[in-house]
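In what follows, a single structure is set out as structure tokens and then discussed.
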Amino acid sequence: MKKIIQFFKDSFAELKKVQWPSREEVGSNTKVVLVSVLIFAVVFGVVDFLLLQAVELVF
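And the structure:
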């Protein structure tokens with residue numbers, strides 16, 4: 790039981806050492822991720838459409 794208590798104490802102490810990002814950093818990084826996902830989705834959608842058209846043309 791002492792090991793479990795010590796584990797949680799150590800975990801809490803480590804979490805105090807973490808440098809958490811600011812609200813602005815989180816918002817900025819979220820925007821970057823959303824824009825990147827949107828761009829990749831459009832690119833993959835176009836490639837998928839073109840490959841589908843090529844396959845239908847061949848067969």
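Mapped onto my numbering, the consecutive letters of the sequence shown carry residue numbers 790 to 848. Backbone N, C-alpha and C define an ideal beta-carbon position, used for all residues, glycine too.
| Query | Result |
| --- | --- |
| Indicate the three-state DSSP secondary structure (helix, strand or coil) for residue 749 in the structure shown. | No answer is possible for residue 749: the residues shown for the chain start at 790 and end at 848. |
| Quick check: what's the CA-CA separation for residue 808 versus residue 819? | 18 angstroms |
| Cα separation between residue 805 and residue 817? | 24 angstroms |
| Hey, quick one: how far does the alpha helix (DSSP H) through residue 808 stretch, first residue to last? | Here residue 808 belongs to no alpha helix (DSSP H), and DSSP marks it neither H nor E. |
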